[in-house]
Amino acid sequence: MPPRQAHQQSKGAGFSRREVVAAAVAAPLVATAAPGGADAAFDPPNRAAGQLRTNPAAVETTAGKLRGYESGGVAIYKGVPYADPPVGNFRFARAPALTPWTGIRRALNYGPICPVIPEDSRDRAHDVFRFLAPNGQPSDAMEDCLRLNIWTPVARETRRPVMVWLHPGGFRRGSSQEFLSCDGENLARRRNVVVVSLNHRIDALGYTDFYTDMGESFSESPAAGILDLVDALKWLRANIERFGGDADNITLFGQSGGGYKISVLLAMPEASGLFHRAVIQSGARLEVHDQETASRLTREILRVLDLPPGAGSVRRLRELSVGEFLRAAKAASDAVRVQGIETSRWAGRSWRYQPTAGTPSLPHQPGSTAAMSEAANIPLICGSTRNEISPSGNNPHLEGLSWSGLKEELEPELHGRTDAAIEAARKTDAEWRPVDVLSVLLTRRFRLSAVEYCNRASAVQDRRVFNYLFDWRTDLFDGRPRAYHTSDIAFVFANTERVAEQTGGGERPRALSELMTRYWSQFAAGGDPNAPGLPDWPQYGAATRPTMIFDDVSGVRNNPDAEIVDLFL
Numbered sequence: 342m343p344p345r346q347a348h349q350q351s352k353g354a355g356f357s358r359r360e361v362v363a364a365a366v367a368a369p370l371v372a373t374a375a376p377g378g379a380d381a382a383f384d385p386p387n388r389a390a391g392q393l394r395t396n397p398a399a400v401e402t403t404a405g406k407l408r409g410y411e412s413g414g415v416a417i418y419k420g421v422p423y424a425d426p427p428v429g430n431f432r433f434a435r436a437p438a439l440t441p442w443t444g445i446r447r448a449l450n451y452g453p454i455c456p457v458i459p460e461d462s463r464d465r466a467h468d469v470f471r472f473l474a475p476n477g478q479p480s481d482a483m484e485d486c487l488r489l490n491i492w493t494p495v496a497r498e499t500r501r502p503v504m505v506w507l508h509p510g511g512f513r514r515g516s517s518q519e520f521l522s523c524d525g526e527n528l529a530r531r532r533n534v535v536v537v538s539l540n541h542r543i544d545a546l547g548y549t550d551f552y553t554d555m556g557e558s559f560s561e562s563p564a565a566g567i568l569d570l571v572d573a574l575k576w577l578r579a580n581i582e583r584f585g586g587d588a589d590n591i592t593l594f595g596q597s598g599g600g601y602k603i604s605v606l607l608a609m610p611e612a613s614g615l616f617h618r619a620v621i622q623s624g625a626r627l628e629v630h631d632q633e634t635a636s637r638l639t640r641e642i643l644r645v646l647d648l649p650p651g652a653g654s655v656r657r658l659r660e661l662s663v664g665e666f667l668r669a670a671k672a673a674s675d676a677v678r679v680q681g682i683e684t685s686r687w688a689g690r691s692w693r694y695q696p697t698a699g700t701p702s703l704p705h706q707p708g709s710t711a712a713m714s715e716a717a718n719i720p721l722i723c724g725s726t727r728n729e730i731s732p733s734g735n736n737p738h739l740e741g742l743s744w745s746g747l748k749e750e751l752e753p754e755l756h757g758r759t760d761a762a763i764e765a766a767r768k769t770d771a772e773w774r775p776v777d778v779l780s781v782l783l784t785r786r787f788r789l790s791a792v793e794y795c796n797r798a799s800a801v802q803d804r805r806v807f808n809y810l811f812d813w814r815t816d817l818f819d820g821r822p823r824a825y826h827t828s829d830i831a832f833v834f835a836n837t838e839r840v841a842e843q844t845g846g847g848e849r850p851r852a853l854s855e856l857m858t859r860y861w862s863q864f865a866a867g868g869d870p871n872a873p874g875l876p877d878w879p880q881y882g883a884a885t886r887p888t889m890i891f892d893d894v895s896g897v898r899n900n901p902d903a904e905i906v907d908l909f910l
């Protein structure tokens with residue numbers, strides 16, 4: 342099928358498909374065809390051809406020697422510890438410093454992942470989106486989970502930009518190895534960068550706040566999982582040059598929950614100076630729990646276990662097995678959920694465990710003026726996907742949704758603004774069908790959060806901020822998944838062939854991946870995604886909202902969805 346044309350959009354008008362094609366001739370767009378030789382560069386290496394070595398030279402770190410393996414010119418080190426296990430008295434506290442080892446430690450496999458509250462069981466055998474996100478290597482779940490992974494080109498002739506990936510899953514689930522699309526080998530090889538990913542504490546083990554009710558002795562508990570990230574960044578500062586990376590040129594990039602964590606790190610004084618640029622993909626977070634909300638969850642845990650507030654009860658919680666504690670945390674979360682008490686529009690759901698603002702580690706909310714000023718010198722890319730969640734992905738019948746049926750679907754969500762919202766969406770793109778409008782409006786919060794975060798970030802001094810909207814749709818499942826949540830990950834990792842179950846494979850996704858990895862790596866190198874041969878990507882400004890639209894034809898549009906954004910912001 343021919344490449345899908347980018348949507349030509351502007352405030353107050355919709356466009357037909359014919360007008361879009363005509364406009365594409367004159368607009369500053371680029372068809373994302375890969376240059377010669379890109380096919381081989383983006384294919385997974387042929388390991389059967391002798392490109393894998395399991396006995397390369399060991400690397401000396403501050404804690405001891407590591408030996409990984411080599412694949413297709415990339416040295417790989419997995420499961421590298423960056424702190425000692427946060428167990429016993431260190432549960433709910435900052436992890437202890439890493440204990441050195443003797444001899445050579447093998448770094449061949451991903452490390453354990455953080456235990457979390459289990460999700461309610463359900464049959465996922467039919468789930469289209471589970472198929473579209475093929476799983477990576479399974480791992481054991483244990484508190485000894487503070488491990489990182491490194492992919493670096495074997496040739497060490499220069500210090501390379503370092504790109505640190507923070508995994509998705511909100512604040513409550515996920516790991517660095519959850520998705521095959523997050524493997525860093527192809528990105529490191531293709532763009533001559535050092536790629537790092539890591540595991541850390543999440544969910545109740547990472548974010549149960551004992552400080553608010555019990556005082557300074559528990560000051561680290563509200564953000565223990567984020568302090569893990571700080572400690573990982575400190576490990577990188579001390580060691581990454583031994584792996585060919587530049588400790589003075591570290592970029593954080595993360596999707597969904599990874600973006601949430603970057604939003605928090607940008608607001609944390611202790612993280613200042615540990616990274617130099619940030620990319621937030623479908624994860625701009627303006628607020629986390631306030632102390633009142635976090636305290637409600639903590640008190641509920643104690644109530645479930647029939648424990649009084651106080652240090653003695655925390656000692657008791659540290660003596661519980663992980664399973665016992667997580668069962669209590671789930672019961673507490675369920676109880677708060679039933680109460681139906683939600684925080685502000687930007688803070689997320691009150692019954693989920695997440696960092697607490699107003700505490701020593703996180704004095705201010707991530708979207709506050711004070712927090713934005715803290716990160717004024719950090720260039721930023723921030724965006725989202727067009728659809729995030731496509732309701733018809735698992736329900737093909739919704740493809741035939743009528744306009745009257747659309748109103749019925751939206752009214753419980755939008756209440757009195759349903760008609761205005763539908764009108765705004767139809768002005769954004771005159772060819773959207775009811776199911777397209779349903780998808781965009783039900784998941785509007787991702788786009789609104791990205792725009793509002795860019796508004797606030799760009800208002801601080803002369804901070805470089807760049808906004809995007811990922812609008813590429815897979816041809817699989819008749820295109821029903823649309824530009825869904827996580828679909829951009831494979832493109833920024835140069836893994837569109839590796840996860841052909843998601844992209845369909847071939848030239849069409851590979852061409853866009855070529856473009857996006859150039860932008861992301863160029864930004865990592867110098868804080869500006871622009872480079873010769875790439876379409877110009879202007880800095881964001883709240884007045885015109887220039888937005889890079891990533892699609893088969895990619896280019897910048899000002900105010901591409903102004904009617905929707907202006908209605909809800």
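Position in the sequence shown (from 1) plus 341 gives the number in our numbering.
Beta carbons are placed, not taken as given, at the ideal position from N, Cα and C, and that holds for glycine.
State buried or exposed for His467, treating a residue as buried only when at least 16 other CB atoms are found within 10 Å of its CB.
Under this definition His467 is an exposed residue.
Continuous alpha helix (DSSP H) assignments of at least 4 residues falling wholly in the segment 602-640
Segments of the alpha helix (DSSP H) lying fully in the segment 602-640: there are none.
Of all the alpha helix (DSSP H) runs that stay within the bounds of the segment 755-797, which reach a length of 4 or more residues?
Fully enclosed alpha helix (DSSP H) runs of 4 or longer: 759-769, 775-783.
Helix, strand or coil: how does DSSP classify Gln880 here?
Looking at Gln880 - three-state DSSP - the assignment turns out to be coil, as it is neither helix nor strand.
For Glu633 and Asp550, the rounded distance between their alpha carbons
Linking Asp550 to Glu633 through their CA atoms gives a straight-line distance of about 10 Å.
Given Val801, which residues of its chain have a CB within under 7 Å of its CB, disregarding the five upstream and five downstream residues?
Once the five neighbours on either side are set aside, the close Cβ partners of Val801 are Met713, Ser714, Ala717.
Coarse secondary structure for Gly378, derived from DSSP in three states:
Unreliable placement is indicated for Gly378, whose pLDDT of 37 sits below 50; the coordinate value is still reported in the next sentence. Here Gly378 sits in coil by DSSP.
Would you list the residues sitting across from Thr493 in a DSSP beta bridge?
Thr493 is bridged to Ala416.
Who are the Cβ neighbours of Pro650 in its own chain at under 8 Å, not counting the five residues just before and after it?
Scanning its chain for C-beta atoms nearer than 8 Å, with the 5 sequence neighbours on each side dropped, one finds around Pro650 the residues Asp554, Met555, Arg640, Leu643, in chain order.
If you drop the 5 nearest sequence neighbours on each side, which residues of the same chain put their C-beta closer than 6 Å to that of Ser733?
Leu739, Glu740, Val776, Arg821.
Residue range of the beta strand (DSSP E) that Asp907 falls in?
Counting along the chain, Asp907 falls outside any beta strand (DSSP E), though it belongs to the alpha helix (DSSP H) covering 903-909.
Own chain partners of Leu568 with C-beta closer than 7 Å, once the 5 adjacent residues on each side are dropped
Closer than 7 Å at the Cβ level, and outside the excluded window around Leu568, lie Arg435, Glu561, Ser702.
Cβ separation of Gly409 and Ile417, assumed to be a contact under 8 Å, to the nearest whole Å
About 5 Å separates the CB atoms of Gly409 and Ile417; that is less than 8 Å, so the two are in contact.
In whole angstroms, what is the alpha-carbon distance linking Arg668 and Asn590?
In a straight line, the C-alpha of Arg668 is about 42 Å away from that of Asn590.
Leaving out five residues before and five after Arg657 in sequence, what residues of the same chain have Cβ atoms less than 8 Å from its Cβ?
Residues Leu646, Leu648 of the same chain have their beta carbon placed closer than 8 Å to that of Arg657, with the five preceding and five following residues left out of the count.
So who's on the other strand from Val645, going by DSSP bridges?
Bridge partners of Val645: none, in fact.
Please state whether the Cβ-Cβ distance between Ile581 and Val629 is less than 9 Å.
For Ile581 and Val629, no; Cβs fall outside 9 Å.
In three-state DSSP terms, what is Phe383?
At Phe383 the pLDDT is 48, less than 50, meaning the model places this residue with poor confidence and gives no usable figure here.
Taking the beta carbon of Leu370 as the centre, do at least 16 other beta carbons fall within 10 Å, making it buried, or is it exposed?
Residue confidence for Leu370 is low, a pLDDT of 44 falling below 50, so the modelled location carries little weight and cannot support an answer.
Any alpha helix (DSSP H) of 4 or more consecutive residues that is wholly inside the segment 831-862
Runs found: 841-844.
Assumed close pair Val534, Ser862 - CB separation to whole angstroms, cut-off 8 Å
Beta-carbon to beta-carbon, Val534 and Ser862 are separated by about 6 Å, close enough to satisfy the 8 Å threshold.
Proximity of Ile722 and Ala619 at Cβ, strictly below 9 Å
Judged by their CB atoms, Ile722 and Ala619 are nearer to each other than the 9 Å cut-off.
Distance, Cα to Cα, Phe909 vs Arg497?
Their backbone Cα atoms lie some 50 Å apart in a straight line.
Starting from Ile890, trace the beta strand (DSSP E) both ways and give me its first and last residue.
Ile890 -> beta strand (DSSP E) spans 887-891.
Between the alpha carbons of Ala883 and Phe807, how many angstroms are there, rounded?
Using only the alpha carbons, I get a separation of about 11 Å.
Which residue marks the beginning of the beta strand (DSSP E) containing Gln596, and which one marks its end?
Looking at the DSSP string, the run of the beta strand (DSSP E) that includes Gln596 is 586-596.
Beta-carbon separation of Val897 and Ile905 under 9 Å?
Going by beta carbons, Val897 and Ile905 fall outside the 9 Å limit.
Rounded to the nearest angstrom, what separates Asp544 and Trp692 at their Cα positions?
Answer to the nearest angstrom: the Cα atoms are 11 Å apart.
Is DSSP giving Asn900 helix, strand or coil here?
Reduced to three states, the DSSP call for Asn900 is coil.
What's the call for Ser743, buried or exposed, on a 16-neighbour Cβ count within 10 Å?
Classification of Ser743: exposed, given that the 10 Å Cβ count is below 16.
What is the rounded straight-line gap between the Cα of Ala831 and the Cα of Gln843?
Computed Cα separation, rounded: 9 Å.
Would the beta-carbon of Val457 fall within 9 Å of that of Arg514?
It is a contact, given that the beta carbons lie within the stated cut-off.
Return the first residue and the last residue of the beta strand (DSSP E) that Ser538 is part of.
Residues 535-539.
Contact between the segment 418-426 and the segment 474-490: three or more CB pairs below 8 Å?
Taking a cut-off of 8 Å on C-beta distances, the segment 418-426 touches the segment 474-490, as three or more cross pairs fall below it.
Rounded separation between Ala841 and Ser895 - CA only:
Going from the Cα of Ala841 to the Cα of Ser895 covers about 21 Å.
Could you check where the beta strand (DSSP E) with Ser725 kicks off and where it finishes?
It spans 721-726 - the beta strand (DSSP E) in which Ser725 sits, taken as one unbroken run.
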